[in-house]
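Note sheet for the following structure.
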Amino acid sequence: MTNEEIKEYITTLAPAATYDETGEWLNILVTAEELQPLMLALRNGKMQMNYLFCLTCVDFKTHLTMVYHLSATTHRQSIVIKANLNREQPVIETVCDIW
């Protein structure tokens, strides 16, 4: 899939998503509420993102950002999903039951 096709697909799943194409991979910023359903659809849907190869959190002064690097091993395609969290109450659903 091209970046444009990925963006169209993800927008149907997470309408509030924003995109950054300046790096090596397409970066997609979603809300914490959209994250788990989106991740499930990315793994099981047409993108077949079957490998979570990096999960980290970036600590900014004003907020935290969860960062998930996903890959579709059959299509050799990778994307980055990010979700910003409130620094005072950093709560997000787990993806451990997905990967």
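Heads up, the sequence shown stops at 106 in the numbering used here, and the numbers go up one at a time, no gaps. Backbone N, C-alpha and C fix where the C-beta goes; we use that ideal spot for every residue, glycine too.
Buried versus exposed call for residue i [16 or more other C-beta atoms within 10 Å across all chains shown]
i, result
"LEU49", "buried"
"ALA21", "buried"
"ALA90", "buried"
Boundaries (first-last residue) of the beta strand (DSSP E) holding residue i
i, result
"GLN84", "84 to 93"
"PHE60", "58 to 66"
"MET73", "70 to 79"
"THR25", "25 to 27"
Candidates the options, of which the one nearest residue i by Cα
i, options, result
"ILE86", "THR72, GLN55, LEU71", "GLN55"
"GLU70", "ASN51, GLU95, TYR58, THR81", "Here the sequence assigns His to residue 70, which means Glu is not the residue at that position. For the residues ASN51, GLU95, TYR58, THR81, the minimum Cα distance to HIS70 belongs to GLU95."
"MET8", "ALA24, LYS53, LEU47", "LYS53"
"THR72", "GLN84, VAL98, ASP104", "VAL98"
"ALA79", "ASN51, THR38, GLU40", "ASN51"
Same chain, Cβ closer than 8 Å to residue i, five either side skipped, listed in chain order
i, result
"THR101", "GLN43"
"ASP30", "One point to set straight first is that residue 30 is Gly, not Asp, in the sequence displayed. Result list for GLY30: VAL87, in chain order."
"VAL74", "CYS61, LEU62, THR63, CYS64, VAL65, VAL87, ILE88, LYS89"
Start-to-end residues for the alpha helix (DSSP H) that takes in residue i
i, result
"THR19", "10 to 20"
"ASN51", "39 to 51"
Spatial neighbours of residue i in its chain, beta-carbon cut-off 7 Å, leaving aside the 5 residues before and after
i, result
"GLU28", "ASN10"
Own chain partners of residue i with C-beta closer than 6 Å, once the 5 adjacent residues on each side are dropped
i, result
"TYR16", "none"
"HIS76", "PHE60, CYS61, VAL87"
"THR25", "LEU36"
"TRP106", "LEU59"
"ASN93", "none"
| Hey, is the segment 61 to 70 in contact with the segment 26 to 45, meaning 3+ C-beta pairs nearer than 8 Å? | Contact fails: fewer than three Cβ-Cβ distances are below 8 Å.
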